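One structure below.
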Amino acid sequence: MSEGAGMSAREVILARIREALRVPAPLPHGLAEESQSQVRQPQQRAAVTTSGAASAGISVAHPSNRLPSLTVLPEEVARPWLPDGGETPAERLRLLIENLGKLRAIVQQVPDLTAASDYLFTIARERDWHRVAWHPHPLVEPLLAGVPCATYRVDAADFDKNALESCDAGITSCEALVAQTGSLLVSSATSGGRALSILPHVHVVVATCDQIVATLADALHAAQARYDGHLPSMLSFITGPSRTGDIERILVLGAHGPKELILILVG
Amino acid sequence: MIVNDLAAPSVGHPPATETQPPKLAKKRFLHDAAEHVRDTGHRAFVRKALSGYYASRDVQKARFRDWEHARDAASLAKWSAVNQLDELLPRFVANFEANGGQVHWARDAEEARTIVLDLVRAARAKAIIKSKCMTSEEIHLNAALEAEGYGVVESDLGEFIQQLRGEPPYHFVFPCMHVRRDEISDLFGKHLGTPPTDSPEELTMIARRHMRRLYVDADIGITGANFLVAETGQISITENEGNARLTAALPRVHIAISGIEKVVEHLDDLAVLLPMLATAGAGQPMTCYNTLYAGPRRPGEADGPEEMHLVLLDNSRTAILADPEQRDSLHCIRCGACLNVCPIFKNVGGFTYGTTYQGPIGSVITPHLRGLADWNHLSGASSLCGACTDACPVRIDIAHHLLHNRRNAARTAPNAWERLGHRLFVMVARRPWLFGLGGAVFRRTLPLLKAVRPPLLRDWLASRDLPAAPRQSFRRQWDHRQSQQPAVSREGSA
Chain A
1 MSEGAGMSAR
11 EVILARIREA
21 LRVPAPLPHG
31 LAEESQSQVR
41 QPQQRAAVTT
51 SGAASAGISV
61 AHPSNRLPSL
71 TVLPEEVARP
81 WLPDGGETPA
91 ERLRLLIENL
101 GKLRAIVQQV
111 PDLTAASDYL
121 FTIARERDWH
131 RVAWHPHPLV
141 EPLLAGVPCA
151 TYRVDAADFD
161 KNALESCDAG
171 ITSCEALVAQ
181 TGSLLVSSAT
191 SGGRALSILP
201 HVHVVVATCD
211 QIVATLADAL
221 HAAQARYDGH
231 LPSMLSFITG
241 PSRTGDIERI
251 LVLGAHGPKE
261 LILILVG
Chain B
268 MIVNDLAAPS
278 VGHPPATETQ
288 PPKLAKKRFL
298 HDAAEHVRDT
308 GHRAFVRKAL
318 SGYYASRDVQ
328 KARFRDWEHA
338 RDAASLAKWS
348 AVNQLDELLP
358 RFVANFEANG
368 GQVHWARDAE
378 EARTIVLDLV
388 RAARAKAIIK
398 SKCMTSEEIH
408 LNAALEAEGY
418 GVVESDLGEF
428 IQQLRGEPPY
438 HFVFPCMHVR
448 RDEISDLFGK
458 HLGTPPTDSP
468 EELTMIARRH
478 MRRLYVDADI
488 GITGANFLVA
498 ETGQISITEN
508 EGNARLTAAL
518 PRVHIAISGI
528 EKVVEHLDDL
538 AVLLPMLATA
548 GAGQPMTCYN
558 TLYAGPRRPG
568 EADGPEEMHL
578 VLLDNSRTAI
588 LADPEQRDSL
598 HCIRCGACLN
608 VCPIFKNVGG
618 FTYGTTYQGP
628 IGSVITPHLR
638 GLADWNHLSG
648 ASSLCGACTD
658 ACPVRIDIAH
668 HLLHNRRNAA
678 RTAPNAWERL
688 GHRLFVMVAR
698 RPWLFGLGGA
708 VFRRTLPLLK
718 AVRPPLLRDW
728 LASRDLPAAP
738 RQSFRRQWDH
748 RQSQQPAVSR
758 EGSA
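Spelled out as structure tokens, the structure:
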């Protein structure tokens, strides 16, 4: 197909892509050379499982009558070749705390929200906070009553980025905690928008133990199920406090985001 | 305007901003490479900077229960997406638009620059903040914005340092890995008026303090994109510092620029690709922030941009797509692992390549993006060790693609001298008596060659020595050896 003068950039690029894909490509280097003849067959409709792909737990199917697509086999959803996320709640809790420790995040386990509130009071005193930002949430609001400083409530109706910038800490809830990597999944829907978890110098996350999931995939699937196709405009995996290695590859915490990440784990 | 990023300077050279004819690319590469390999201090510095990476990468790889399986899965996810780009790209765009984002298609660098400039003008922007974006380096966006009078600040620490130095990135993941802390201290002193320090932490805090107001005051935030998720219409951005998060949170307009090849089919694919990107590229379990954006601020959300734009850039990516043999080079997730392990990169340095994408993967794709005739010399920037292929988390056969490019170059523009040389060799090699005669002559004249140093050998001999000639030919030595072995093994080897 030639690129006509009247075609839009979109049409031209899509035409180039269609033209380019008329010749199929072999499977990735190192994967099941013997199955390439099957993949090259344009008319092949039946699902083929290549040996390399199968050992990776992935089936190669030809739904479009032309090119293969990949679906993860059900028994392989757990992806037992990725870093371990833990089989039991106790294991997941242990892995989460271990991973967060390596990332230099601070984890404080508390039995209930009253104890969480006491802990927040203590760290606010220790760090001499003047103002903390928060967002309305059942896990966050009860903690604010006793903080020994001014507060700023992040509100969709009246958001002021200058006010947020002046805050020492941001206190948020989260979507999930990932044992596998020590990541916290925050979103614009459940963590007070986009800036609250990144602009203040300290990020305090309040979460419950039942929010711990094993893997990144579990956290993503849970978010997809919860929002049922209407995902928040931002979903972010936070894995430790902000960091950089740009100067001589030496690790420094607190590049542009929070210098400290504190998880208060309730229950 | 011809896109040309030859302006990459070598260490210690003032950055050249003027464009140069591409014919100089090879000459320049050879010159800069020669200069760099002599700079042992620089090489030692780069090696030391990378030593921590090797250690932490190995620790993180060991956390994978099977790293090779993970590579299989990651490469298949990218292979599947790239080979279905005709279906997945429109699906991504439809979902991205349903999320409230606006898509702009750019056939080449100039069209992409025009799109961004139009968006900046329409927003009546006064200040632009930018997070690390290699596609913007590829299209020379900053120069275009500055030419129109718009100030743009790079917020990633490494990119900010490079911007102040007036240099492009040295390494597409570690932009200023070649710069010493005292140089950064002087640079900040000169541009920001800060007192000297030799603490990387204090230097980082200077940049942090400097940048905070800029995030709040900027009208436009420009970012790149690491993945485009077809299923959900989200773009995924990976970063450590939090600067991309701030860039996409506070300004009124968010513009992302991405190559068309960044599509993955499922959100779930990122559960494999994100940890692999972090481990292969920087020796981390996960990069600090991995963020998915689905359009601008939603009703009920506290903050976020009013508009989100995505520029989808072709700029010859479809030319790579049209080459099934090297199509897998579009699987690249820009982790930088192949640079970090490459003996050539470590010895000639990032600027010598003269390309937006340095190192082995840059040497593979640059000839496609900018012409094989002028950039084939990069195919020779390889020791054939294959370390890049082994390091690649998505199994791109980088080392062989360098050879494929050499072959293609020989096909399209054969070198007359090489052809003559090969013809002569074939003629001689087909005639055992001539081959033997040639060898005998060579053995006897070798000392003379070493003394005279004829032009063809001079470059080679500049850094090497020829061994002493053996007294007998290989065939004579072989026959002698075989006659002393038991007969059985001779038959067995026949």
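In order, the protein sequences belong to chains A and B. If you're matching positions, the first sequence starts at 1 in the numbering used here and goes up one per residue. If you're matching positions, the second sequence starts at 268 in the numbering used here and goes up one per residue. Built from N, CA and C at the ideal position, the CB exists for glycine as well. Note that the structure is a prediction, hence the values are computed from the model and not measured.
| field | Within 8 Å of chain C by C-beta, residues of the region 4-20 of chain A in sequence order | value | Within the model displayed, chain C is absent; protein chains A and B are what it includes.
| Residues in the region 77-91 of chain A with C-beta within 9 Å of chain B's C-beta atoms, listed in sequence order? | Against chain B - using a Cβ distance shorter than 9 Å - the residues of the region 77-91 of chain A are VAL77, ARG79, PRO80, TRP81, LEU82, PRO83 and ASP84.
| Is the region 571-584 of chain B in contact with the region 519-533 of chain B, if contact means three or more CB pairs nearer than 8 Å? | Yes, the region 571-584 of chain B is in contact with the region 519-533 of chain B.
| request: Verify the CB distance criterion: does A/GLN224 have a CB-CB separation below 8 Å to chain B? | output: Yes, its Cβ sits closer than 8 Å to a Cβ of chain B.
| field | Residue burial classification, B/ASN682 (beta-carbon count within 10 angstroms, cutoff 16) | value | Classification of B/ASN682: exposed, given that the 10 Å Cβ count is below 16.
| request: Would you kindly report the start and end of the unbroken alpha helix (DSSP H) that includes B/VAL539? | output: In the DSSP annotation of this structure, the continuous segment of the alpha helix (DSSP H) that includes B/VAL539 starts and ends at 537-549.
| Does B/ARG799 get closer than 8 Å to chain A when you measure Cβ to Cβ? | Absent from the structure is residue 799 of chain B, since the part of chain B shown begins at 268 and ends at 761.
| Closer than 8 Å to chain B by CB, A/ALA156 | Cβ-Cβ to chain B under 8 Å: yes for A/ALA156.
| query | Of the residues A/ALA78, A/GLU141 and A/GLU87, which one's Cα is nearest the Cα of A/VAL206? | reply | With respect to the C-alpha of A/VAL206, the residue from A/ALA78, A/GLU141 and A/GLU87 having the closest C-alpha is A/GLU141.
| field | Limits of the alpha helix (DSSP H) - the one that B/PHE427 falls within | value | Residue range 424-432 is occupied by the alpha helix (DSSP H) that includes B/PHE427.
| message | Measuring only the C-alpha atoms, how far is A/ASN162 from B/VAL578? | response | Approximately 30 Å between the Cα atoms of the pair.
| task | Determine contact between the region 154-171 of chain A and the region 595-604 of chain B, defined as no fewer than three beta-carbon pairs at a distance below 8 Å. | result | The region 154-171 of chain A vs the region 595-604 of chain B: no contact.
| query | To the nearest angstrom, how far is it from the Cα of B/LYS293 to the Cα of B/SER646? | reply | If I take the Cα positions, the gap works out to 11 Å.
| What are the residues that DSSP puts in a beta bridge with A/MET234? | B/TYR560, per the DSSP bridge assignment.
| message | Here's the rule I'm using: 16 or more other beta-carbon atoms within 10 Å means buried, otherwise exposed. How should A/ILE262 be labelled? | response | Buried: at least 16 other Cβ atoms inside 10 Å.
| DSSP-derived helix/strand/coil call for B/MET478 | DSSP places B/MET478 in helix when its eight states are reduced to three.
| task | May I ask you to verify whether the region 78-85 of chain A touches the region 324-331 of chain B, counting CB pairs closer than 8 Å and requiring at least 3? | result | Yes, the region 78-85 of chain A touches the region 324-331 of chain B.
| Going by the CB atoms, is the gap between B/LEU559 and B/VAL530 shorter than 8 Å? | Cβ atoms of B/VAL530 and B/LEU559: not closer than 8 Å.
| field | Distance, A/HIS135 Cα to B/VAL349 Cα | value | Going by the C-alpha atoms only, they are around 41 Å apart.
| What residues of chain B sit near A/LEU159, judged by a beta carbon separation below 7 Å? | It should be noted that the sequence gives Phe, not Leu, for residue 159 of chain A. Residues of chain B whose Cβ lies closer than 7 Å to the Cβ of A/PHE159 are, in chain order, ALA569 and ASP570.
| field | Presumed contact (8 Å Cβ cut-off) between A/LEU196 and A/GLY170, rounded CB distance | value | Rounded, the Cβ-Cβ distance is 4 Å, consistent with contact.
| request: Report yes if the C-beta distance between B/ALA735 and B/ILE524 is below 8 Å; otherwise report no. | output: Their beta carbons are not under 8 Å apart, which means B/ALA735 does not touch B/ILE524 by this criterion.
| query | When the cut-off is 8 Å and only beta carbons count, does A/GLY254 lie next to chain B? | reply | Against chain B, the CB of A/GLY254 has a partner CB under 8 Å away; the residue lies at that interface.
| Unbroken alpha helix (DSSP H) run spanning B/TYR417, endpoints | Going by DSSP, B/TYR417 is part of no alpha helix (DSSP H) at all; its letter is neither H nor E.
| Own chain residues within Cβ distance below 7 Å of B/ILE587, not counting five before or after | Same-chain partners within the cutoff: GLN593, ARG594, SER596, LEU597, ILE632 and HIS635.
| Identify the residues that DSSP records as bridge partners of A/LEU253: which are they? | In DSSP, A/LEU253 forms a bridge with A/ARG243.
| Minimum length 4: unbroken alpha helix (DSSP H) runs contained in the region 433-516 of chain B | Qualifying alpha helix (DSSP H) stretches, in chain order: 448-459, 467-484 and 510-514.
| field | Partners in chain A for B/PHE441, counting only beta-carbon separations shorter than 8 Å | value | Within chain A, the C-beta atoms nearer than 8 Å to that of B/PHE441 come from GLY245, ASP246 and ARG249, in chain order.
| Element boundaries [beta strand (DSSP E), containing B/HIS371] | Residues 369-373.
| Would A/ALA56 be called buried (16 or more neighbouring beta carbons within 10 Å of its own) or exposed? | In this prediction, A/ALA56 scores a pLDDT of 45, lower than 50, which makes its location untrustworthy; no coordinate-derived value is stated.
| field | Distance, A/GLU248 Cα to B/MET218 Cα | value | Residue 218 of chain B is absent from the structure shown; chain B starts at 268 and stops at 761.
| task | Can you tell me which of the three DSSP states A/SER35 falls into? | result | Residue placement at A/SER35 is poorly supported in this model, since its pLDDT is 44, which falls under 50; the coordinates are not used for a value here.
| field | Host alpha helix (DSSP H) of B/SER525 (start-end) | value | No alpha helix (DSSP H) holds B/SER525; the beta strand (DSSP E) holding it covers 520-526.
| query | Which same chain residues, not among the five before or five after A/PRO74, have their C-beta less than 8 Å away from its C-beta? | reply | Caution is warranted here: a pLDDT of 44 is assigned to A/PRO74, below 50, making its placement in the model unreliable, and no coordinate value can be reported.
| query | Using a C-beta cutoff of 8 Å, does A/GLU165 count as contacting chain B? | reply | Cβ-Cβ to chain B under 8 Å: yes for A/GLU165.
| task | Indicate the three-state DSSP secondary structure (helix, strand or coil) for B/THR554 in the structure shown. | result | The answer is coil: DSSP assigns B/THR554 none of H, G, I, E or B.
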